[in-house]
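J.: Questions regarding the structure given below will be posed in turn.
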Amino acid sequence: MVLAIRLKKDEASQLALISRKKHLNKTDAMKELMHRGFAMYQLDEYKAGNLSLGKLAENLNVTYLEALNLVSKYSAHPDLPEDYIVEARQTAKSLFKKS
Numbered sequence: 008m009v010l011a012i013r014l015k016k017d018e019a020s021q022l023a024l025i026s027r028k029k030h031l032n033k034t035d036a037m038k039e040l041m042h043r044g045f046a047m048y049q050l051d052e053y054k055a056g057n058l059s060l061g062k063l064a065e066n067l068n069v070t071y072l073e074a075l076n077l078v079s080k081y082s083a084h085p086d087l088p089e090d091y092i093v094e095a096r097q098t099a100k101s102l103f104k105k106s
């Protein structure tokens with residue numbers, strides 16, 4: 008697929024900067040930005056609770072563990088209700104209770 012886009016002057020300058028820093032041509036630099044932007048969008052969707060971790064991994068075409076690492080790296084953990092956290096803590100304590 009070929010896509011032609013019109014960039015503003017500052018956007019073109021930003022693309023040129025990334026292209027030089029990464030030693031990429033502008034097409035490859037744009038592809039990398041698109042890939043990173045898509046990943047950030049998907050992480051935002053996961054954090055908002057709109058995606059499961061499995062779906063995030065599938066959409067990013069990575070393993071479950073790699074998706075979990077991305078969530079951790081970008082602090083994209085979903086906001087959990089306080090009662091869920093309290094219940095999870097109690098469950099964990101009961102699992103590791105010494106006999």
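The sequence shown: position 80 = 87 (this note's numbering), numbered continuously. Note that beta-carbon positions come from the ideal geometry of N, C-alpha and C, so glycine has one too. The model shown is predicted, which means the values in this text are computed figures rather than measured ones.
1) Helix or strand or just coil, what does DSSP make of H84?
2) Start and end of the alpha helix (DSSP H) containing I25?
3) Run through DSSP, which three-state label would A11 get?
4) Measuring straight from C-alpha to C-alpha, what distance separates V9 and F103?
5) Give the straight-line distance between the Cα atoms of N57 and L67, rounded to the nearest whole angstrom.
6) What does the alpha-carbon distance come out to for the pair N76 and A83?
7) Is Q49 buried or exposed, if buried means 16 or more other CB atoms sit within 10 Å of its CB?
8) Rounding to the nearest angstrom, what Cα-Cα distance links N32 and A19 in this structure?
9) Considering only C-alpha positions, which residue in the set A23, S59, L63 and L24 is nearest to F45?
T.: Let me spell this out:
1) coil
2) K16 to K29
3) coil
4) Distance between the alpha carbons of V9 and F103: 56 Å.
5) 15 Å
6) Taking the straight line joining both Cα atoms gives about 10 Å.
7) Buried, since its Cβ has 16 or more Cβ neighbours within 10 Å.
8) 13 Å
9) L63
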